[in-house]
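First up is the structure itself, then whatever we jot down about it.
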Amino acid sequence: MRQQSPLDVIKPEARKLSAYTLEHVQADVKLDQNESPYELPEDLKRAAVERVLARPWARYPEFIPTSITKALARFTGWPVEGILVGNGSNELIQSTLTVTLGPSRTVAIPQPTFTLYKLMSSILQANIVTVPLRAKDLSYDVEALAAAAAGADITVMCLPNNPTGSVVDAAGLKKIVESARGIVIVDEAYHEFHGESAFGLLADHPNLIVLRTFSKAMSMAALRFGYLMASPDLTREIYKAKLPYNVNVFTQAVAEMVIERRPMMDEPIRRIVAERERMMRELKARPGVECFESRANFILFRTGRPAKEVFDAIRMRGVLTRDVSGYPMLDRCLRVSVGLPNENDRFLEALDAALSVVAASR
Ligand code: PMP
Numbered sequence: 017m018r019q020q021s022p023l024d025v026i027k028p029e030a031r032k033l034s035a036y037t038l039e040h041v042q043a044d045v046k047l048d049q050n051e052s053p054y055e056l057p058e059d060l061k062r063a064a065v066e067r068v069l070a071r072p073w074a075r076y077p078e079f080i081p082t083s084i085t086k087a088l089a090r091f092t093g094w095p096v097e098g099i100l101v102g103n104g105s106n107e108l109i110q111s112t113l114t115v116t117l118g119p120s121r122t123v124a125i126p127q128p129t130f131t132l133y134k135l136m137s138s139i140l141q142a143n144i145v146t147v148p149l150r151a152k153d154l155s156y157d158v159e160a161l162a163a164a165a166a167g168a169d170i171t172v173m174c175l176p177n178n179p180t181g182s183v184v185d186a187a188g189l190k191k192i193v194e195s196a197r198g199i200v201i202v203d204e205a206y207h208e209f210h211g212e213s214a215f216g217l218l219a220d221h222p223n224l225i226v227l228r229t230f231s232k233a234m235s236m237a238a239l240r241f242g243y244l245m246a247s248p249d250l251t252r253e254i255y256k257a258k259l260p261y262n263v264n265v266f267t268q269a270v271a272e273m274v275i276e277r278r279p280m281m282d283e284p285i286r287r288i289v290a291e292r293e294r295m296m297r298e299l300k301a302r303p304g305v306e307c308f309e310s311r312a313n314f315i316l317f318r319t320g321r322p323a324k325e326v327f328d329a330i331r332m333r334g335v336l337t338r339d340v341s342g343y344p345m346l347d348r349c350l351r352v353s354v355g356l357p358n359e360n361d362r363f364l365e366a367l368d369a370a371l372s373v374v375a376a377s378r
């Protein structure tokens, strides 16, 4: 019997893909991953360590982490039976798609958006329907999305969208959720910077799933924590694809403390939003720079120059942004996260210098 190459066993859909990864580049000013520039207070960090020191590390976390899910239920007002926690919201995207998608299933995904949706859907061998944003301003095309949702088992939307910052108003979102034949996932990783949420639709729309993360506005990217809200019936099914003990005790402790002290996050969020508005004004004032309207903690902009060269020239000046020019429709685009005011100034100076040295593309 001839042996196969082990790689022949990998699904062709997976072999075709490039992995979701990011080169680790050192930079003085890190504005490439939409993290918060504000660390959690030192006293909270120490208290979390103390809390975890008080419990055995040789023992598993609780099977169902009720303390954190109850805290989230109190904080959100959503029933605890409709909440799942994840090792980052990425894991909950994976669990949701795992219980729903397969070769005979269709998923509708706006384009461009967070790459993980399409990557996971491809590995699950689903039929993928992409719905382009409007070319003019990269806004959502509500009519097209509602039409695609009507024919899809799952529709995944990111609000505000990564990497464009686009949003849909309440009426548009309601239309999409109500037109959908199947489930609609609204990924609200950046909702705190927008101030609006799909949450209000949850109670009356059992086909809606809302995803949140503590990696952005909650300053916890290193600790990996996200949560999902949906009807208890749907939540019970998604739970089946979630790995056991997925949120470690340290992350649980910190997340609980952050929820207890949630009002302390209002000021950093307010500052980030104010800086976003200032950066958008600054970018719009620069000739040759097209800046897209963002409701998140990052801004997408396009220059008339090759993106890789602009990215490198900015990086040489100590500022790391994200070259997103390889995404559909984002030719010559970069994305910059909103940092501290002085970091944002460094970015603007670096951009000006980059634009003076990189020749316009013909
Ligand atoms: N959704 C979106 C839209 C994101 O941009 C990100 C992070 N880049 C995530 C989810 C994943 O977040 P987490 O750290 O919670 O896994």
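If you use our numbering, the sequence shown corresponds to residues 17 to 378, in order.
For each residue, glycine too, the CB sits at the ideal point set by N, CA and C.
Asked, Found
"Cβ neighbours of Ala163 in the same chain (closer than 6 Å, five flanking residues each side left out)", "none"
"Three-state class that DSSP yields for Glu306 in the structure shown", "strand"
"Asn223 classed as buried or exposed, judged by whether at least 16 other C-beta atoms fall within 10 angstroms", "buried"
"Residue environment, Asn313, which counts as buried when at least 16 other CB atoms sit within 10 Å", "buried"
"Sub-8 Å separation of Gly304 and Gly320 beta-carbons", "yes"
"Through-space distance from Arg31 to Leu135, alpha-carbon basis", "11 Å"
"DSSP-derived helix/strand/coil call for Pro148", "strand"
"Val172 versus Glu212, Arg150, Pro126, Ala186, residue with shortest Cα-Cα distance", "Pro126"
"Backbone secondary structure at Tyr54 - three-state DSSP", "coil"
"beta-carbon Ser231 near ligand 1 non-hydrogen atom, thresh 7 Å", "yes"
"beta-carbon Gly242 near ligand 1 non-hydrogen atom, thresh 7 Å", "yes"
"Three-state class that DSSP yields for Arg75 in the structure shown", "coil"
"Start-to-end residues for the alpha helix (DSSP H) that takes in Ser353", "Unbroken run through Ser353 is the beta strand (DSSP E), 349 to 353; no alpha helix (DSSP H)."
"Residues that DSSP places opposite Asp157 in a beta bridge", "In DSSP, Asp157 forms no bridge with anything."
"Range of the contiguous beta strand (DSSP E) that encloses Thr37", "No beta strand (DSSP E) contains Thr37, which DSSP labels as neither H nor E."
"Proximal residues to Ser247 (C-beta, below 7 Å), its chain only, five neighbours per side dropped", "Gly98, Pro222"
"Touch test, the stretch 55 to 71 against the stretch 242 to 257, Cβ-Cβ under 8 Å, three pairs minimum", "no"
"Cβ shell of Ala43 (< 7 Å), same chain only, five flanking positions each side left out", "Arg331, Gly334, Val335, Leu336"
"Heavy atom of ligand 1 within 7 Å of Ser105 beta-carbon", "yes"
"Sequence-distant residues of the same chain with beta carbon closer than 8 Å to Ile26, five excluded per side", "none"
"Supposed close pair Thr131, Cys174 - CB separation, criterion 8 Å", "Going by Cβ atoms, the distance from Thr131 to Cys174 rounds to 11 Å, so no, they are not a contact pair."
"Span of the beta strand (DSSP E), counted from its first residue to its last, around Asp368", "Looking at the DSSP string, Asp368 is not in any beta strand (DSSP E); the run it does join, the alpha helix (DSSP H), is 357 to 373."
"Coarse secondary structure for Tyr255, derived from DSSP in three states", "helix"
"Of the listed residues Phe215, Thr146, Val265, nearest to Trp73 (C-alpha basis)", "Val265"
"DSSP-derived helix/strand/coil call for Gly211", "coil"
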